[in-house]
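Taken in order, these protein sequences are the chains called S and U.
Just so it is clear: in the first sequence, position 617 is 1898 by the numbering used here, and no numbers are missing.
Just so it is clear: in the second sequence, position 175 is 194 by the numbering used here, and no numbers are missing.
Every residue gets a Cβ at the ideal spot worked out from N, C-alpha and C, and that includes glycine.
Each remark here refers to the structure printed beneath this line.
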Amino acid sequence: MPPLISIDVLLIAACAWLAIGLAGMLAPRRLEFISKTLFPFGSVVSFIVGVTALFFLGDEPQATVLAIGLPTLPFHLRLDNLAAVFVLLLGFVSFGISVYAAGYFRKGEGAAPGLLCIEYHLFLASMLMVLLADDAYAFMVAWEGMALSSFLLVTTDHRHEAIRRAGYLYLLIAHVGAISILLSFGVMTGGAGDYTFAGMRAQELSPFWGSAAFLLALVGFGAKAGLVPVHVWLPEAHPAAPSPVSAMMSGIMLKTAIYGLLRVCFDLVGTTIWWWGVVAMAIGLVTALFGVLYSTVQSDMKRLLAYSSIENIGLLAVGIGLALLFHSFHMEILAALAMTAVFYHCLAHAGFKSLLFLCTGSVLHATHERSLGRLGGLIHRMPWVAWLALLGVIASAGLPPLSGFVSEWLLLQAFLFSPGLPHSWLNMIVPVAAAVIALVAAMAGFAMVKFHGIIFLGQMREPNLIHAHDAGPWERAGLVWLAVLTVLLGVLPSTLIGLIDGATQQLLGTGLAGRVAEHGWAMLAPISPDRASYMPMLFLATIATVLLLARWMVRRFYHGRTRRSDAWDCGYFFQGPRAQDTAEGFSQPIRRIFEPMFRMERHFPSIRDEQPYYSVKVEDHFWYWLYLPVARVADWVSGLIVRIQGGRIAIYLLYSFLTLLLLLLVARP
Amino acid sequence: MSAIIPLSAQLINLCASVILLLAFAMLAQRRVMQLINLFALQGLVLCLSTLIVAVTTGQHHLYYSAGLTLALKAILLPWILHRLVRKLYVKWDVESLVNVPTTMLVGVVLVMIAFNVAQPISLLSQTVSRGTLGIALAVVMLAFVMMITRTKAIPQVVGFLAMENGLFLAATSATYGMPMVVELGIALDVLVGVIILGVFFFQIRDQFDSLDISHMEKLKDG
């Protein structure tokens, strides 16, 4: 028997997930068994997957062929460094989510636990298979499996009309995207009919067909990732799903789309044209700006995070665009810098966004409330969740010394080198993009302050929040794991860049590992220490020192003279919790400054109103500009088709008869 | 051109032409009972032609096919249909959408098309019965026309079954029949199909007090 290699371990893991899912169907109503036995087992499998990828990184690719699939096209599987980075992400992040999920699901919420269990583990297994697939057929099967299982998870609570609508929208856009991906694969085979990825690599595509493949892939994977304008499902589906599922979709599933885009752009197409980078960057910038603007004005905590995910996907697309741009001009070191930023941001975002979504899950369970306007002051009742969420918030806002800062810093560094591009127009425009990225980072900070401040700080806006309870032990364990990931990604960037460097080298032929390793683990200087360097431990030490010093000084000099009063009452008496800054009020400046970007319906109270009220509803322009016209056209076309559907069986039979006759005549040899 | 056609091939051609004739007769027949009898007769002739092919070529599985055809299409299905008709009291005349002479003319044109289409295929075939492929195709098409032009449910089912007869004839004439497994599967399908349709007949009649399928036009959406 040959020794067990990494890809075999991963295949066994996928089978184990499926087995765990099926085991849940044996006793679909026994919540205790499913949540306290099966989900922990699933998390162990996740951990093994993560460790396997960790040990594999940097090795030679491993391939295998399964005996299932089409007669002429069995499932080809391959584990290379690019896939391994994402398998690592999948394993370690889903470990935390599964541990959390073990304590999350309650009786009487949505579908039977057994169904959730099988859908959840099928979702995990199909994401793993997406990453391992080495031919178009296996990829599409796994991709659709992922879409369908996540659709079922989103519509867990299908008794609500809004959730069914969200699920339908998600399924619709997922399928439009899947068709586009399929067409892209078809273009990349170049008519040779070889649907393995190896066959696609061997094809030399003309610039026209190469561009067609790239654009189709951008649309297809963009629909899954949530790039503008195919992002509309994301803010609907994420709030609808149970929180562990939102975490998994936002943290991991969106990254599989990024993986697919990287796989196509840098591995399968074979050529790179500079304007591809510009297109990806432009769409990414629009997406990032759009996402962050909308996330600042949301009043539902999960929608806020969903829009923030759109923003982060935009940043990733910008990074990919920049890498494409440098790659097309053969500036491989800079391309490697942008690519490293992309990988790093994938890992960082998977960690902190899952953490934040899980925190909203705990808040939701404790308060049964999603609207920011009815929360507040929860740090007193839920200290664990509040402090762990704070870590996620800091990372998400891109502040040192946590993970989000490293990736955004790397991305901006890559931008700072763009004046070296041998193209005068690009030289002028790319710095503008860097400015937009900086704006986005700042606004992300704003959105995160709103998220954390309104939920956890201040006073409780509703009296019943006093009964809120902190997360249970399983939930805490999951949150702590993800927080640890976020901190590690923040303080050990050099080590981790060395780890993921194999993927960068695989795609670009060169990496940053050598340059980064020169300066040891404590200092990150991707290109040279003269240009820029970053020492996370220094930041951490400074912050810790300042905090401890401040605490000591307060204790020392104001000892016994401090007075406790209600939070945020601004020194006034008789100020109820309702008078605090609301979610809407907090983001009012943004709404005012960026007014044309939003579609707002506002109602102002007038003097004559019996019951004066103020309301504001922010909607997405794209609904009215893009989706409703498309829907109307589809409705009109189907109206035409109804005419040939007369309802008479004789007519239907006549249709098939005439078709048969026509085909016989056409196909006559 | 081969000068002398062997006796067996002539017999097979005879059977095939009788089947075609019966298909025309079914197209023209207005009475339900007679229609079913014609269908039974068609099954019998089909069984006979399969037997002749079996004897000539010595293909054993064709004996089973012939037996199956006899049992199912000449005896069992006609019997079920007879019972259905008696139970449902639908012995009256069949009205068709298009009048009989026009239907016959359309049928003639279709037979010509079928022969034209089938000719190149039968040239490729090596079987003794290859000449009947055109007839088989014509039978399929005529049965299809019968399904289109009838308004009542039972003649439509008979049309469907006659179409299956045509397919069976095509299979025996082009390749000495399908593999036994496939044939058994189809036979079972047809049987189950007729039983399910029988159940539906009762449902339709209970719902609309008639077996006229034009009532079902209301079922479409929008």
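- Using a C-beta cut-off of 8 Å, the region 1588 to 1600 of chain S makes contact with the region 1554 to 1569 of chain S, since at least three inter-stretch Cβ pairs fall below that distance.
- In this structure, the CA atom of leucine 81 of chain U is about 57 Å from the CA atom of arginine 1446 of chain S.
- According to the DSSP assignment, lysine 1505 of chain S belongs to the alpha helix (DSSP H) that extends over 1488 to 1506.
- Not a single CB atom of chain U sits nearer than 9 Å to the CB of phenylalanine 1633 of chain S.
- A direct Cα-to-Cα measurement between histidine 1441 of chain S and alanine 1428 of chain S gives close to 21 Å.
- When rounded, the separation of the alpha-carbon atoms in alanine 1504 of chain S and threonine 1648 of chain S is 33 Å.
- Segment contact: the region 1644 to 1664 of chain S against the region 1749 to 1761 of chain S, three or more CB-CB distances shorter than 8 Å; contact assigned.
- A distance below 9 Å separates the beta carbons of glycine 1600 of chain S and alanine 1695 of chain S.
- Note: alanine 1414 of chain S is bridge-paired with S/Leu1358 in the DSSP secondary-structure output.
- Threonine 1318 of chain S has its alpha-carbon roughly 22 Å from the corresponding atom of serine 1635 of chain S.
- Contact between alanine 162 of chain U and glycine 185 of chain U holds: CB atoms are separated by about 6 Å, below the 8 Å threshold.
- Bridge partners of alanine 1344 of chain S according to DSSP: S/Arg1359.
- Residue environment: methionine 1816 of chain S is assigned as buried (16 or more neighbouring CB atoms within 10 Å of its CB, all protein chains considered).
- Looking at the DSSP output, threonine 1552 of chain S shares a beta bridge with no other residue.
- It is roughly 33 Å from the alpha-carbon of leucine 1586 of chain S to the alpha-carbon of isoleucine 1808 of chain S.
- The beta-carbon of isoleucine 167 of chain U is placed less than 9 Å from the nearest beta-carbon of chain S.
- Listed along chain S are Ala1931, each with a C-beta nearer than 7 Å to that of leucine 116 of chain U.
- Per DSSP, histidine 1519 of chain S is one residue of the alpha helix (DSSP H) stretching across 1514 to 1521.
- Annotation: valine 211 of chain U to alanine 1419 of chain S spans about 37 Å, alpha carbon to alpha carbon.
- For serine 1492 of chain S, the closest alpha carbon among the candidates S/Leu1369, S/Pro1510, S/Ser1688 and S/Phe1466 is that of S/Phe1466.
- Nearest Cα to leucine 116 of chain U within the set U/Val158, U/Val164 and U/Val128: U/Val164.
- Listed by position along chain S, the residues whose Cβ is nearer than 8 Å to that of valine 213 of chain U form an empty set, because the closest Cβ is around 17 Å away.
- Sequence-distant partners of alanine 1723 of chain S (beyond 5 residues in either direction) whose C-beta falls short of 8 Å from its own C-beta are missing from its chain.
- Nearest to alanine 93 of chain U by C-alpha distance, out of U/Leu54, U/Ala193 and U/Phe221, is U/Leu54.
- Across the set U/Ala133, U/Met182 and U/Ser192, the C-alpha of U/Ala133 shows the shortest separation from the C-alpha of arginine 1949 of chain S.
- Under the 9 Å criterion on CB atoms, phenylalanine 1373 of chain S is classed as non-interfacial with respect to chain U.
- About 39 Å separates the CB atoms of valine 51 of chain U and proline 139 of chain U; that is not less than 8 Å, and the two are not in contact.
- Considering only beta carbons, the part of the region 1910 to 1936 of chain S lying closer than 8 Å to chain U consists of Val1923, Gln1926, Gly1927, Gly1928, Arg1929, Ile1930, Ala1931, Leu1934 and Leu1935, in chain order.
- As the crow flies, the alpha-carbon of tryptophan 1904 of chain S is around 13 Å from that of isoleucine 1454 of chain S.
- Glycine 1302 of chain S and proline 1309 of chain S have their C-alpha atoms spaced approximately 10 Å apart.
- The beta carbon of alanine 1528 of chain S sits closer than 6 Å to those of Ile1378, Ser1635, Phe1638 and Leu1639, all from its chain and outside the five residues before and after it, given in chain order.
- With the criterion set as a beta carbon lying under 9 Å from some beta carbon of chain U, the members of the region 1937 to 1950 of chain S are Ser1937, Phe1938, Leu1941, Leu1942, Leu1945, Leu1946, Ala1948, Arg1949 and Pro1950, in sequence order.
- Apart from sequence neighbours up to five positions away, the residues of its chain that approach valine 1573 of chain S with a beta-carbon distance below 6 Å are Glu1592, Val1721, Met1724 and Ala1725, ordered along the chain.
- In this structure, the CA atom of cysteine 1627 of chain S is about 6 Å from the CA atom of lysine 1536 of chain S.
- The C-beta distance from alanine 1619 of chain S to leucine 1692 of chain S rounds to 7 Å, short enough to meet the 8 Å contact threshold.
- Per DSSP, valine 1526 of chain S lies in no beta strand (DSSP E) segment; the continuous alpha helix (DSSP H) that holds it begins and ends at 1524 to 1529.
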